[in-house]
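Each step along the sequence shown adds one to the number in the numbering used here, with nothing skipped, and position 52 is 52.
Glycine is no exception: its CB is placed at the ideal position from the N, C-alpha and C atoms.
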Amino acid sequence: MNIFITGVNSFVGKNLINQFKQYPKHKIYGCDLIINKKNKNFVKADIRSKNFYKKIPKKIDAIIHLAAISRDKDCSEDLINCYLTNIIGTLNVIEAAKKLNIPKIIFASTEWVYPDIMARKKVDENTKIDFSLLKSEYAKSKLISEMHLKDFYNSNNVFDISILRFGIIYGERTSNWSAVEAIFNNIKKQNSISVGSFETSRRFIHVSDICEGIIKSLSLKNLSIINLQGSKLITLKNLTNISQEILKKKVSIKEVNKSNPSIRNVIANQSYKKLNFNPKISLKIGLKKLSIFLKKTI
């Protein structure tokens, strides 16, 4: 397949390109706002531009749309740019698929489209989402784009659309950390740390597992909504215990909001059924990889 990736310089984008090396039959093209000129297949392009489609080579078989404003703080502080990038940008990707007859779009959405009050109990791909309960502008922008993709599929169902709702991603990086990298690094550098509640829980997922899920979704037909999640809920207690074990260090941990844990139990039923996808990287393995990475970089 000839595959075009938006956001090739993002954390997921870089890891995805590296993972595609295991699949040499795929030819990878891509774009970002800033590009390494050494790779002639990657071009500088702005998905907010209505002429974005002109940057895409001919005979592309699938677009993997990763480019987005992904930090909620950035979205809320500049709502216009958030909506231009995340919503108009996605509409421009849809328009490119129409103009260039690209038969498949894989869209990077997020588990945050499930409002906190719903995710606390348990949600999956069949859960009906109440838009009015969303507080995150980032989540709103992604859910609106999901709606546009569904409308596009329903009016042009010769195209295949895969909407992937990513879980909380962690991995080897130096910025834009999730709780996993942040807490691990705090335990590494400090003798005492604070957390909200030990019972706060997420289905954290390593970036390499996310990339494997993206690659597997290339085979999906028609319209699919898939949660890509870690295999089990991980509490902050689990995270701090495993971090201390790997670092061989005991720290004082203060629980500052014991009675109010934040729990997001997002179930990935469809990824198992449709993709035969099972995350390979356990938290312990992921933290060992992170430890090696941080020794080299920080």
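Enclosing beta strand (DSSP E) for residue i [first to last residue]
| i | result |
| --- | --- |
| residue 148 | No beta strand (DSSP E) holds residue 148; the alpha helix (DSSP H) holding it covers 137-155. |
| residue 74 | Run containing residue 74: none in the beta strand (DSSP E); it sits in the alpha helix (DSSP H), 72-77. |
| residue 88 | Run containing residue 88: none; DSSP gives neither H nor E here. |
| residue 69 | Here residue 69 belongs to no beta strand (DSSP E), and DSSP marks it neither H nor E. |
| residue 226 | 223-228 |
Given residue i as reference, the closest of the options once Cα atoms are compared
| i | options | result |
| --- | --- | --- |
| residue 132 | 121, 216, 239, 141 | 141 |
| residue 162 | 56, 32, 108, 288 | 108 |
| residue 234 | 253, 217, 205 | 205 |
| residue 262 | 94, 254, 202, 80 | 202 |
| residue 11 | 177, 237, 245 | 177 |
| residue 290 | 17, 181, 74 | 181 |
Burial state of residue i, where buried means 16 or more other Cβ atoms lie within 10 Å
| i | result |
| --- | --- |
| residue 90 | buried |
| residue 118 | buried |
| residue 209 | buried |
| residue 22 | exposed |
| residue 256 | exposed |
| residue 66 | buried |
| residue 224 | buried |
| residue 8 | buried |
| residue 165 | buried |
| residue 190 | exposed |
| residue 151 | exposed |
Terminal residues of the alpha helix (DSSP H) in which residue i lies
| i | result |
| --- | --- |
| residue 286 | 283-297 |
| residue 269 | 269-275 |
| residue 62 | No alpha helix (DSSP H) holds residue 62; the beta strand (DSSP E) holding it covers 62-65. |
| residue 116 | 116-119 |
For residue i, the three-state DSSP class (helix, strand or coil)
| i | result |
| --- | --- |
| residue 94 | helix |
| residue 195 | strand |
| residue 210 | helix |
| residue 6 | strand |
| residue 109 | strand |
| residue 16 | helix |
| residue 58 | coil |
| residue 104 | strand |
| residue 205 | strand |
| residue 280 | coil |
| residue 128 | coil |
- Completely contained beta strand (DSSP E) runs for the stretch 29-56, where each covers 3 or more residues: 42-44
- Unbroken stretches of the beta strand (DSSP E), 3 residues or longer, contained in the stretch 233-263: 252-255
- Query: Counting only runs that start and end within the stretch 155-190, where is the beta strand (DSSP E) found for 3 or more residues in a row?
  - Reply: 160-166
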